[in-house]
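**Student:** A single structure is presented below for examination.
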Amino acid sequence: MAVRLTLPVIFFSSHFSPSSSRSRSKTFSSSASSSQMELNNEFGVTKFKEFPYLSAPHRNLMVDLVSTVENRLGSQLLPCSLPPDVQYYQNQTGSAHASLHTRSGNKPSHSQIDFILGSWIHCELPTGGALNITSLSAFLNPLTDAPNFLIELIQSSPTSLILILDLPPRKDLVLCPDYLHTFYEETQLDTRKQILEKIPEVKPYISSSLYIRSLVSPTAIMVRIETEASQPGRVEEVIKDHVDPIAKEVLGIWLDQCACGKREVGEAERAILEKRDGLIKIKTIEVDLGSNFPRLFGPEVADRILGAMRDVFTV
Amino acid sequence: MSCTFLPPCACPLAPANLPAPKIPRTRPSFPCRLSMEKQQLIRGSKLMEFPYLTDPHRDTMVDLISAMENRLGSHHLLPSSVPPDVEHYQNENGTSQGTLHIRCGIDSSPIDFVLASWLHLEQPTGGALDITNIAGYLKSSTDVPHFQFELVKCSPTFLILFLDLIPRKDTVFSPDYLKTYYEDTQLEKFRQRLDQLPEVQPYFSSSLYFRRVVSPTGIVVSIKCEDGAGPERVEEIIREHVRPISNDIMRIWIDMCVGEGVEVGETERAVLEKRDSLIKSKAIEMDLSSSMPKQFGQEVADRVLRVIKSVYNV
């Protein structure tokens, strides 16, 4: 039975393409030396990769996924160029913290990566306890039509976790059954989904956003892991024993077949891809950030983050 | 006939290669000489009897067909175009039976055709599979979603329901389409109402293509009542929930069909046609081409499939 999150939908995180990132960092550093800039950047990146407040299996999973992506893609990715107060920020009372980490693809080296985006949010709840959301998503550019990558874990209590793990398609699967076959049938992604769904504590999760439902693939893992209070640590066990290996397998498939695979994309197709990708970015910002940010961080911080995003990235 | 999935209780079926003669698409080539009396006959025909079904299940089917006939009726639909030996058919020993009722849209209607059918398939293990299906397809002159209802009785305590308005466009690429046909119509509340029943679980078809054809508010569920009061509870669920929800969604769909249509431009029309053609041919390929010969023998299967393929225009 589908149960809904009390907070709206998924924190899908901001999906922006940082094409003018270099010019932005120049503006920012006009009053600071470049070594100060690097230090600030290092601080931001370190803060991001801390993944604080999480259980060890959850943190380890995120750290592993991020390093796998960064190591594999190597020089295809430019360094993170977000201002430090966007890489790490909190609300006035300090009851909510968050970190953002984006790295755009190295265009001159013909990278197929548009950008990768990682984030975490920690928010103390008025009822006691806390909400922790971690995500990693990767967007490809129109040099390829291969699917993107997305993982998001939303833990609202010690006994409840929502997991979204998918390769969201970049084409209309109904119109392109070959694409469906190549990326979703031949890769046997459904097997992984079925394995996870056999675990008794794992139930289907249905997003309250119809748009998000349209975005994900037919093999998307969208589940809620619900454990008994009488079994403390069971969520962590499920993450360690089941979510972790499956997430890594799916990421592996994405890296091999999508990020590093070669696809023929014609001119007309490229134009459609650009348009579709652009729409997805706009919509996910709308669905995701629009409602969450002001609520969690207060309007001032929210405006700053959203403002920085809109300035730096083309949407 | 079954749409695009195989319920777990169906016999495992091997794909078949059925060469079907392609009949040029104008209006169906079999004579439509139906008078008012004949139309009445159809109403009372094997189709509307719906033998083998529980009362609530039969009532649901009759409601839906009546709604289509009454509201779309002569303004939109030609009389049934199915020859008698395809209207009702069976295999040699009568262990598999089916009926098929198709009415094509008149030229000026946005409706391509509406279809109603049932299948009764006795299983080797005892018991029977009962598949009831109602579909409504639109032409490429409009982007209104197709209608699809299918209720499969695998046993008195286990059913599968598929009820949906099938999108004609990529809803990711067309958020306005999503809003107009799926958000503004509040279809989600129907899905949620069923979802909340403990006996109802989401059903994942083994066909990834089918999963994608279904809309974001599509109802694809199994209804399972294991304990002692099983069959009565199933009937109650159909009576209290499936029937009213199906009627509401049918009403919403017919409102869309008869309402002020959006003008579909030339390029859009071409894409709609291509997309519809894929949906329809996949439906037949995945669902019927392989199962019909096994269930009914080659001769009967060929006869029925020829009619279906002609109407589906694939």
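Heads up: the protein sequence lines correspond to chains A and B, in order.
Just add 71 to wherever you are in the first sequence, counting from 1, and you've got my numbering.
Just add 186 to wherever you are in the second sequence, counting from 1, and you've got my numbering.
Every residue gets a Cβ at the ideal spot worked out from N, C-alpha and C, and that includes glycine.
(1) Quick test of your reading: residue 138 of chain A and residue 218 of chain A, contact by CB under 8 Å. State the CB separation rounded to the nearest angstrom.
(2) Do the region 403 to 417 of chain B and the region 373 to 383 of chain B touch if we need at least three Cβ pairs shorter than 8 Å?
(3) Hey, could you find the ends of the alpha helix (DSSP H) residue 472 of chain B is sitting in?
(4) Suppose contacts are defined by Cβ-Cβ distances below 8 Å. Is residue 297 of chain A in contact with residue 320 of chain A by that definition?
(5) Which residues bound the beta strand (DSSP E) around residue 306 of chain B?
(6) How about residue 244 of chain A: is its C-beta nearer than 8 Å to some C-beta of chain B?
(7) Could you tell me which residues DSSP pairs with residue 205 of chain A in its beta bridges?
(8) Identify each residue in the region 263 to 274 of chain A for which the Cβ-Cβ distance to at least one residue of chain B is less than 7 Å, and report them in chain order.
(9) Against chain A, which members of the region 457 to 485 of chain B pass a CB distance test of less than 9 Å?
(10) Exposed or buried, which one is residue 110 of chain A when buried takes at least 16 other CB atoms within 10 Å?
(11) In terms of DSSP beta bridges, what is residue 231 of chain A paired with?
(12) On the DSSP letters alone, give me the boundaries of the beta strand (DSSP E) that residue 275 of chain A sits inside.
(13) Which residue marks the beginning of the alpha helix (DSSP H) containing residue 131 of chain A, and which one marks its end?
(14) Quick check: what's the CA-CA separation for residue 294 of chain A versus residue 232 of chain A?
(15) Identify the contact partners of residue 354 of chain A in chain B, using a Cβ-Cβ distance below 7 Å as the criterion.
(16) Can you give me the C-alpha to C-alpha distance between residue 483 of chain B and residue 221 of chain A, rounded to a whole angstrom?
(17) Could you tell me the boundaries of the beta strand (DSSP E) in which residue 352 of chain B lies?
(18) If you measure beta-carbon to beta-carbon, which residues of the region 399 to 429 of chain B are closer than 7 Å to chain A?
(19) Helix, strand or coil, according to DSSP, for residue 374 of chain A in the structure here?
(20) What are the residues in the region 276 to 301 of chain A lying within 7 Å of chain B by C-beta distance?
(21) Just checking: is the beta-carbon of residue 249 of chain B within a distance shorter than 8 Å of some beta-carbon in chain A?
(22) Tell me which residues share the same chain as residue 345 of chain B and place their Cβ nearer than 6 Å to its Cβ, disregarding the 5 neighbours each side in the sequence.
(23) Just grab the DSSP bridge partners of residue 335 of chain B for me.
(24) Give the residues of chain B in contact with residue 256 of chain A, contact being defined as C-beta atoms less than 8 Å apart.
(25) What are the residues of the region 344 to 358 of chain B that lie near chain A, defined by any Cβ-Cβ distance shorter than 7 Å?
(26) Leaving aside the five residues before and after residue 294 of chain B along the sequence, list all residues of the same chain whose C-beta is less than 7 Å from its C-beta, in chain order.
(27) Extract the residue ranges of the beta strand (DSSP E) inside the region 373 to 410 of chain B, only unbroken runs of 3 or more that lie entirely within it.
(28) Are residue 273 of chain B and residue 286 of chain B close, meaning C-beta to C-beta below 8 Å?
(29) So what's residue 149 of chain A in DSSP terms, helix, strand or just coil?
(30) Mind checking whether residue 299 of chain B and residue 439 of chain B have CB atoms under 8 Å apart?
(31) According to DSSP, is residue 247 of chain A helix, strand or coil?
(32) What does a CB cutoff of less than 6 Å around residue 226 of chain A pick up in its chain, not counting 5 residues either side in sequence?
(33) How about residue 350 of chain A: is its C-beta nearer than 8 Å to some C-beta of chain B?
(34) With burial defined as no fewer than 16 other Cβ atoms inside 10 Å of the residue's Cβ, what is the status of residue 131 of chain B: buried or exposed?
(35) Just the Cα atoms here: how many angstroms apart are residue 304 of chain A and residue 125 of chain A?
(36) Could one say the Cβ of residue 364 of chain B lies closer than 8 Å to chain A's Cβ atoms, at least one of them?
**Tutor:** Walking through what the data contain:
(1) Contact flag wrong, Cβ pair sits at about 22 Å.
(2) The answer is yes - the region 373 to 383 of chain B touches the region 403 to 417 of chain B, with three or more Cβ pairs under 8 Å.
(3) From DSSP, residue 472 of chain B is part of no alpha helix (DSSP H); its letter is neither H nor E.
(4) No, Cβ-Cβ distance for residue 297 of chain A and residue 320 of chain A is not below 8 Å.
(5) 297 to 308
(6) Yes, contact with chain B.
(7) A:191, A:224
(8) Listed in sequence order: no entries.
(9) 457, 460, 461, 464, 465, 468
(10) Residue 110 of chain A counts as exposed, since fewer than 16 other C-beta atoms from the protein chains shown sit within 10 angstroms of its C-beta.
(11) Looking at the DSSP assignment, residue 231 of chain A forms a beta bridge with A:228, A:297.
(12) Looking at the DSSP string, the run of the beta strand (DSSP E) that includes residue 275 of chain A is 273 to 275.
(13) 127 to 144
(14) Going from the Cα of residue 294 of chain A to the Cα of residue 232 of chain A covers about 8 Å.
(15) 361
(16) Their backbone Cα atoms lie some 47 Å apart in a straight line.
(17) 344 to 352
(18) 399, 402, 403
(19) helix
(20) 281, 282, 284, 285, 286, 289, 290
(21) no
(22) Correct list, in chain order: 339, 409.
(23) B:320, B:349
(24) 394
(25) 356, 357, 358
(26) none
(27) 386 to 388, 405 to 410
(28) yes
(29) coil
(30) no
(31) coil
(32) 203, 232
(33) yes
(34) No answer is possible for residue 131 of chain B: it lies beyond the span of chain B, which begins at 187 and ends at 500.
(35) About 13 Å.
(36) yes
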